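Numbering follows the working numbering, with no gaps: position 402 of the sequence shown is 404.
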Amino acid sequence: MQASFYKENREKLYAMLPEGSLLAVFSGRDIIKTNDEYYPFFADRNFVYLTGLECKEAVLLAAKDGAGRVNETLYILPPDAHAERWTGVRVKPAEAESVSGVTDIRYENQFINDFRKLAFSGNYGKLYLDLFKLNDREIDRPAHDFKHYVHHNVPFILFGNADPFLRRLRLFKQHCEIEALRKGEEITKEGILAMMRISKPGLYEYQYKAEFDRALNYYEPYPYGFPPIISAGEGNFIIHNYSYTGQAKDGDMILNDVGVNWDHLITDVSRSWPCNGKFSDKQKLLYECALATSDYMFSIVKPGMRMDAVDATIKQYNAQLLKDAGVLDDVANIRKYMWHGGAHHIGFDVHDVVETPEFIAPNMVFCIDVGIYHEEWGIGFRVEDNCLITEDGCENLSAGIPRTIADIEAIMNH
Ligand SMILES: [Mn+2]
């Protein structure tokens, strides 16, 4: 992704801020796992969306004055030979500038002083922070801590939440983001094909995962968009199954729900197949219903359609197919076999952080996810694809990843 992408994202965000306001967006910090060990660092997605940088303890500070002029500064950790010898090289000012396009790069230990100078100038009445939390048990992030600091130390400043502005921007994907998703789909395909090719009764879920990892690691050291869901048989009835301990018995379905992070954009695709390479009659019956539902959705989704109609239509259409096939007694009971939603946006997050749209519009990208879970038959699976909204319809970005029974069986029995 070029610096111009991040620069434009920042400019669009600044345009939404009222005059006389400040904005601070934090990259995040290490989170302790145990003793002296930390969880792998994962930079705040909004910070990355605005800067392209994945470095820890960095801050983007912007000041929009009364005339609408914006000054922006990026604060990064200073060089530290000792720390860098142990834990890796820190991003340096020249690199931070070339990645982000921010020209004023300073060290993080100057941030508070600079902020106080701006705050006490009297020119700014409001500070915008990304204050969103998914629930009240979530730990405080640097934005929340900074809010407490400002509340106590600069009590005349009011707070604004930048999160809705960022969600509005992130709802629509730009050309370079769509290209990154396309590349991600190719790698996702490699990972899924690798699992299809080794599939046979007796393999454990962790052995499928090893094959998926091997395929992805040809491309990137840390290619995951999210922890891969790879399960077999009974394990498929746990929607987010991360145990990797189950064993595929002859006749079991393999389910995987996986994605790749390419240039910060995350794909999210589910494919399912019988571990022995041959769909049974019951597997075929259910799978054909799911696939026909997905195909139908890709034929009707287009700009102007209500967003909430996507999930509703997936359930209605699939319910009718299952009823016609004699599986479902009444379409009203579809939740017996369909356990989860059928559409969520993807992007910098796999469940992308966007403003919920009322209507579908071009350059949105969301999943079309059709899952059927038939416990009595022991068959659970989903078919999930990534739907890009075009000017007059939609495109299945993951269409190249085998999804028909004929294509899947051909690969598995090659
Ligand atoms: Mn998924």
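C-beta atoms are modelled at their ideal positions from N, C-alpha and C, and glycine is treated no differently. On a predicted model such as this, the values are computed, not experimentally measured, just so you know.
- Sixteen is the threshold: when 16 or more other Cβ atoms of the shown chains lie within 10 Å of the Cβ of Lys317, as they do, the residue is buried.
- Here the alpha carbon of Ile348 sits roughly 29 Å from the alpha carbon of Phe148.
- Remark: fewer than three beta-carbon pairs, one from each stretch, lie closer than 8 Å, so the stretch 174–185 and the stretch 132–151 are not flagged as touching.
- Here the alpha carbon of Ile200 sits roughly 37 Å from the alpha carbon of Val50.
- The three-state reading of DSSP puts Tyr289 in helix, counting H, G and I together.
- Pairing Ile302 with Asn415, the inter-Cα distance amounts to about 33 Å.
- When rounded, the separation of the alpha-carbon atoms in Phe383 and Arg405 is 12 Å.
- Contact check between the stretch 223–231 and the stretch 256–266: three or more CB pairs, one atom from each, fall below 8 Å, which counts as touching.
- Look at the beta carbons and you see the stretch 163–174 not touching the stretch 185–202: under three pairs across the two are nearer than 8 Å.
- Secondary structure note for Thr75: its beta strand (DSSP E) is the uninterrupted segment 72–78.
- Remark: three or more beta-carbon pairs, one from each stretch, lie closer than 8 Å, so the stretch 102–109 and the stretch 66–85 are flagged as touching.
- DSSP, reduced to helix, strand and coil, places Pro229 outside both helices and strands of the structure shown, so it counts as coil.
- Taking 9 Å as the cut-off, the Cβ atoms of Asn37 and Lys175 do not count as close.
- Taking all protein chains in view, the Cβ of Glu207 is crowded by 16 or more other Cβ atoms within 10 Å, so the residue is classified as buried.
- Asn219 carries a coil assignment under DSSP once its states are collapsed to helix, strand and coil.
- Between the beta-carbon of Lys280 and that of Trp379 there is about 16 Å, and that puts the pair past the 8 Å contact cut.
- Taking all protein chains in view, the Cβ of Ile336 is crowded by 16 or more other Cβ atoms within 10 Å, so the residue is classified as buried.
- Rounded to the nearest whole angstrom, the C-alpha separation of Ser400 and Ala294 is 16 Å.
- Using a cutoff of 8 Å, the CB of Asp270 counts as near ligand 1, since one of the ligand's heavy atoms is closer than that.
- In this structure, Glu187 has its CB at a distance of at least 8 Å from all heavy atoms of ligand 1.
- For the pair Tyr375 and Asn155, the CB atoms are not nearer than the 9 Å cut-off.
- Relative to the Cα of Gln112, the nearest Cα in the group Asp138, Asn137, Val61 belongs to Val61.
- Here Lys286 is exposed: its Cβ has fewer than 16 other Cβ atoms, across all protein chains shown, within 10 Å.
- For the pair of segments examined, the stretch 205–221 was found not to touch the stretch 384–400: the number of CB pairs separated by less than 8 Å stays below three.
- With the rule of 3 Cβ pairs closer than 8 Å, the stretch 115–126 does not count as touching the stretch 90–97.
- Counting every other CB atom within 10 Å of its CB across the protein chains shown gives Asn243 a total of 16 or more, marking it as buried.
- Beta bridge pairing from DSSP links Tyr206 with Gln249.
- CA-CA distance, Val27 to Ala45, rounds to 11 Å.
- In the three-state reduction of the DSSP assignment, His353 falls in the coil class.
- Pairing Gly253 with Gly227 gives a Cβ-Cβ distance that is not under 9 Å.
- At the C-beta level, Glu110 and Pro80 come within 9 Å of one another.
- In terms of Cβ geometry, Leu129 and Leu218 do not form a close pair [threshold 9 Å].
- The three-state secondary structure of Arg384, taken from DSSP, is strand.
- Around the CB of Glu377, fewer than 16 other CB atoms lie within 10 Å, so the residue is classed as exposed.
- No Cβ-Cβ contact shorter than 9 Å links Asn125 with Gly54.
- At a threshold of 8 Å, Asp254 does not count as near ligand 1, since its beta carbon sits no closer than that to any of the ligand's heavy atoms.
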